[in-house]
Structure formats: structure tokens, C-alpha cells
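Chains as they are written, first to last, in our numbering: chain A, 30 to 139; chain B, 38 to 147. We put the CB at the ideal spot given by N, CA and C, even for glycine.
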Amino acid sequence: QKEVEQDPGPLSVPEGAIVSLNCTYSNSAFQYFMWYRQYSRKGPELLMYTYSSGNKEDGRFTAQVDKSSKYISLFIRDSQPSDSATYLCAMRERVNDMRFGAGTRLTVKP
Amino acid sequence: DGGITQSPKYLFRKEGQNVTLSCEQNLNHDAMYWYRQDPGQGLRLIYYSQIVNDFQKGDIAEGYSVSREKKESFPLTVTSAQKNPTAFYLCASRTGTTQFFGPGTRLTVL
Numbered sequence: 030q031k032e033v034e035q036d037p038g039p040l041s042v043p044e045g046a047i048v049s050l051n052c053t054y055s056n057s058a059f060q061y062f063m064w065y066r067q068y069s070r071k072g073p074e075l076l077m078y079t080y081s082s083g084n085k086e087d088g089r090f091t092a093q094v095d096k097s098s099k100y101i102s103l104f105i106r107d108s109q110p111s112d113s114a115t116y117l118c119a120m121r122e123r124v125n126d127m128r129f130g131a132g133t134r135l136t137v138k139p
Numbered sequence: 038d039g040g041i042t043q044s045p046k047y048l049f050r051k052e053g054q055n056v057t058l059s060c061e062q063n064l065n066h067d068a069m070y071w072y073r074q075d076p077g078q079g080l081r082l083i084y085y086s087q088i089v090n091d092f093q094k095g096d097i098a099e100g101y102s103v104s105r106e107k108k109e110s111f112p113l114t115v116t117s118a119q120k121n122p123t124a125f126y127l128c129a130s131r132t133g134t135t136q137f138f139g140p141g142t143r144l145t146v147l
């Protein structure tokens, strides 16, 4: 079993839809949780950062962490074609030991 | 502009050759990282350095080498001992608990 599981998709939605992206993990020691967005042939850029459990909202993006279920989510409201990218979840216990999901490829169709 | 630069963007190598990927940052970050990204897999850590003249192996260090002679620079050498070097290579640096990524180098072995 991989330490971090993420459905690779692809996921295709119409413009304006609410998108839900998810990851599960096995290491209960993970405390820091991140979502990165990666456009094709580019480096990942940090979207959301959450410490421990709870929700965090930034504009159209909401990150949720449920440590009891070892489950994290990223919601995108009013999705736009410019949101089309691969979304990577990442998490860690120690500062130099980040673990990444495989990434979910999202396409938002106009 | 502050950021992380990687060069070249695309690199082609013949089997049996060593090749060096460049990573430079002007963010004044102490910690730097090299990751490898393959389709369908999460980013995997090759090497990291927390300070000048010090570096540590990550999960997949075999066939790779690094140096950290300057704070700004963390070059990665892919040696002929790396059995499957074709991949997308990402350099990152860290401030606090957050890693930021460069644009990547795509290495293809012919």
C-alpha cells in the first residue's frame, strides 16, 4: 500500500462546477498537508497549506483535513478552464520528508 | 524577480553519459531539494541539503550525486549508473515549512 493514495483521474467537469479532489494516507504522524497545482510541463505551485485537522478557505479553494479518517480534500468552487491542471496532494511529519500523491489531472471544459 | 531557476528545460543524453542539471535560487533559502517525477507516481526525493556543504540522500539517491558549494546553487548529476534516468526533474527550496518548486528539467535518454 502506498503511503499516500490519490486517484489519478482524469477528471473532466463543465465550467462552473464544484470540483472535489481527495487523498488518503496511512501514516497517522503526518501533521502538515498541502495541495499543489501543476500545469503541463511546469513545476508545482503551492495552492493550500493546512496544519493538522480542519478547514481552510482561500477564494474559490477550500482544503479539508480529517485526521481521524486519514483523508484530505480540496474543493474548487465555480471552476474555470484556467483551473485545468494536475493537482498534487502532499503531506509530511518531518520537515525534510514530504510525501506526494500521484496527482489528479483535472480538465474544466468551457 | 525572486525564484528558482532550472536549466536546461529539456536535456537529451546518450546512454553511458553523465549529465548535470542546474538549480539556482535567489530566495535566500537554506534548504534545497531534488525530486524526480514519473507518470502515475508522486514526486520522489533524490537528495536534499539543509545547509551549504551538507547534503543527505533521499529515497532514490542511487545513480545520482549532488554538491552544495554555494547557498544559491544545488546541481544534480545523473550518472551512468542510474538505470532509468528518463524523467522530469524538479528542484525545490524551503522557507519555514513550505517548499517552492522550480520549473523543472525534462531529461530524455536516447
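- Within the region 73 to 142 of chain B, the complete beta strand (DSSP E) segments of 3 residues or longer fall at 81 to 88, 91 to 94, 101 to 103, 113 to 115, 124 to 132 and 135 to 138, listed in chain order.
- Close to chain B, meaning a Cβ-Cβ distance shorter than 9 Å, are the following residues of the region 60 to 80 of chain A: Tyr61, Met63, Tyr65, Gln67, Arg70, Lys71, Gly72, Pro73, Glu74, Leu75, Tyr78 and Tyr80.
- In the DSSP annotation of this structure, the continuous segment of the beta strand (DSSP E) that includes Leu75 of chain A starts and ends at Glu74 to Tyr80.
- For Gln93 of chain A, same chain residues with a beta-carbon under 6 Å away, outside a window of 5 residues either side, are Asn84 and Ser102 in chain order.
- Here the C-alpha atom of Ser49 of chain A lies approximately 7 Å from the C-alpha atom of Ile105 of chain A.
- Each of B:Gln54, B:Asn55 and B:Asn63 was checked against the Cα of Gly40 of chain B, and the nearest Cα belongs to B:Asn63.
- Around Tyr85 of chain B, the same chain offers Ala68, Met69, Tyr70, Trp71, Phe92, Gln93 and Gly95 as residues with beta carbons nearer than 8 Å, after the five sequence neighbours per side are excluded.
- Between Phe125 of chain B and Gly141 of chain B, the alpha-carbon positions lie close to 7 Å from each other.
- When the alpha-carbon of Thr115 of chain A is set against those of A:Phe62, A:Arg128, A:Leu76 and A:Ser55, the nearest one is in A:Leu76.
- Here Tyr65 of chain A is buried: its Cβ has 16 or more other Cβ atoms, across all protein chains shown, within 10 Å.
- In the DSSP annotation of this structure, the continuous segment of the beta strand (DSSP E) that includes Asp87 of chain A starts and ends at Gly83 to Asp87.
- In the DSSP annotation of this structure, the continuous segment of the beta strand (DSSP E) that includes Leu103 of chain A starts and ends at Tyr100 to Ile105.
- For the options A:Phe90, A:Ser97 and A:Gly130, the alpha carbon positioned closest to that of Cys52 of chain A is the one of A:Gly130.
- Looking at the DSSP output, Asn51 of chain A bridges to A:Ser102.
- Rounded to the nearest whole angstrom, the C-alpha separation of Leu117 of chain A and Pro73 of chain A is 8 Å.
- Per DSSP, Glu44 of chain A has no beta bridge partner at all.
- Around the C-beta of Pro139 of chain A, fewer than 16 other C-beta atoms lie within 10 Å, and the residue is accordingly described as exposed.
- For Gln78 of chain B, the residues of chain A that pass the 7 Å Cβ criterion are Ala131, in the order they occur in the chain.
- Against chain A, a Cβ distance below 7 Å from Pro112 of chain B picks out nothing, because the smallest value is about 17 Å.
- For Ser113 of chain A, the closest C-alpha among the options A:Ala119, A:Leu40, A:Gln30 and A:Asp36 is that of A:Leu40.
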